[in-house]
Amino acid sequence: MQFLENEFLRVSINEFGAELTSIVRKSDQSEYVWNADPAFWGKHAPLLFPIIGRLKDQEYTLDGTTYEITRHGFARDKEFTVVQASDTCVELSLSADAYTKAMYPYDFTFTIRYSLDGKTLKKEHIVQNDSNHTMYYEVGGHDAYMLSFDDAALSDYYLEFEGIDALDVIDCDADVMLMQSHHAVPLKDGRLYLSRETFSKDNTLMLDRLPVHRCTLGCLSHSRKVIMEFPEIDYFAVWSPYKPDCDVPFICLEPWSTLPDCAYLGKELEKKVGIRTVAAGRSETLSFRVTIE
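Count along the sequence shown starting at 1, add 34, and that's the number in this note's numbering.
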C-alpha cells in the first residue's frame, strides 16, 4: 500500500490495480472513499483501461483479428510497479505482458500519477505507446464516494452541475448497449437530488458531452463535499447499484474518455465513440482531480 499525506488529507493507494482506497480528511477523520463492502460493491475506485464498460460478446476486432477482453479492461486486475514516491506524489506503472497481449495486442506503458496539492488529489493517466504503429485505447475512472446516513437521508444528497438545467442521458437497450436515442433528466437549480429510483431504470447515467466538466457531490444536512473536475475528459457517468429495499451508501463518479459499446455500431475498436489514439513512440496524458471539502 502507498500513502500520501499533507496537512489536510491522508490518501491510500493499493499497488494492485493502482486503486485509490481511501481519502481521509484529517480535520475530523472523515473517510470519503467507499469501503468496498461486498454486500453492495466490493471495490473502491478501479481504473478502467484499455476499454470502458462491456463489449458485445466480450470481444472487439482489430485489423481483422477478434480479441476477448474483460469488462472495463485488465488494469484493475493487475499489480502495478511503484516508479517513484514521495509524501505527496506517487507514480505506478503497468507494462504489456503475455496476459495483456492476449486481450490487447499492443506494447504499452500505462502510468498512474497521484499527487496531493492542498485539499485536491490529482489523478493523471499517462498512456505510452511502445508499439511501432498507432494504438487505440480507452481510459476512465470509477471512483466510489461514501454517502453517510448517520447525519443525513439519501434525499439530502445531490449532484450539482453548475449552469445547466438538465442532463442529456444516453439510452441503453436490454443488453446495456448504448442506443442513439437520449432522454433528459431535469435538474433543480443545477442539482440532481438522489433517491432509490435515481438508478432504477438505467442503473448507470451515461452523459453525453457535458457542457460543464465539473460535478459536485454535496448534501443539505452537512457541509462535506466532493468536487470532481475533468476538463480533459469528454464523457461522464454516475452509477450506484439499484436496491429497491434499502438506501445504497455510496455513489460512483466516473470520468470516461470513451463511451461503452453502442448497439448501432460494429465490433471494430477504431470505430468506438470517443476512442483515443496515440502514435507510435508517443504518449498522452488525461487527468481529473478531486477536491475534498
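Even glycine gets a Cβ: it sits at the ideal position worked out from N, Cα and C.
- If you draw a straight line from the Cα of Arg147 to the Cα of Lys157, it is about 6 Å long.
- Of the residues Gly107, Ile198, Val260, Ala70, the one whose Cα lies closest to the Cα of Gly224 is Ile198.
- In the DSSP assignment, Phe233 forms no beta bridge with any residue.
- Per DSSP, the beta bridge partners of Trp290 are Gly174, Tyr269.
- In the structure shown, Ala119 falls within a strand segment according to DSSP collapsed to helix, strand and coil.
- DSSP, reduced to helix, strand and coil, places Met35 outside both helices and strands of the structure shown, so it counts as coil.
- Taking C-beta separations shorter than 7 Å and ignoring five residues to either side along the sequence, the partners of Ser321 in its chain run Lys156, Lys157, Glu158, His159, Glu266, following chain order.
- Listed in chain order, the non-local C-beta contacts of Gly252 below 7 Å within the same chain comprise Tyr192, Glu194, Lys259, local neighbours out to five positions each way being set aside.
- Arg310 is not a Cβ neighbour of Tyr276, given a cutoff of 9 Å.
- Inclusion of Val58 and Met169 in the CB contact set at 9 Å is not warranted, their separation being larger than that value.
- For the pair Ser317 and Asn166, the CB atoms are not nearer than the 9 Å cut-off.
- Excluding the 5 residues flanking it on each side, Leu299 has same chain C-beta neighbours closer than 8 Å at Lys305, Lys306, Val307, in chain order.
- Listed in chain order, the alpha helix (DSSP H) runs fully inside the region 108-167 are 132-137, counting runs of at least 4 residues.
- Apart from sequence neighbours up to five positions away, the residues of its chain that approach Val282 with a beta-carbon distance below 7 Å are Phe74, Ser274, Pro275, ordered along the chain.
- Between the region 125-141 and the region 244-251 there are fewer than three inter-stretch CB-CB distances shorter than 8 Å, so the stretches are not counted as touching.
- By the CB criterion at 9 Å, Thr292 and Gly174 fall inside the cutoff.
- Here the alpha carbons of Ser182 and Ala70 stand approximately 14 Å from one another.
- Each residue's CA atom was taken as its position, placing Thr95 and Thr319 some 25 Å apart.
- Taken in chain order, the whole beta strand (DSSP E) runs of length 3 or more contained in the region 193-260 are 200-206, 212-220, 225-227, 238-241, 248-253.
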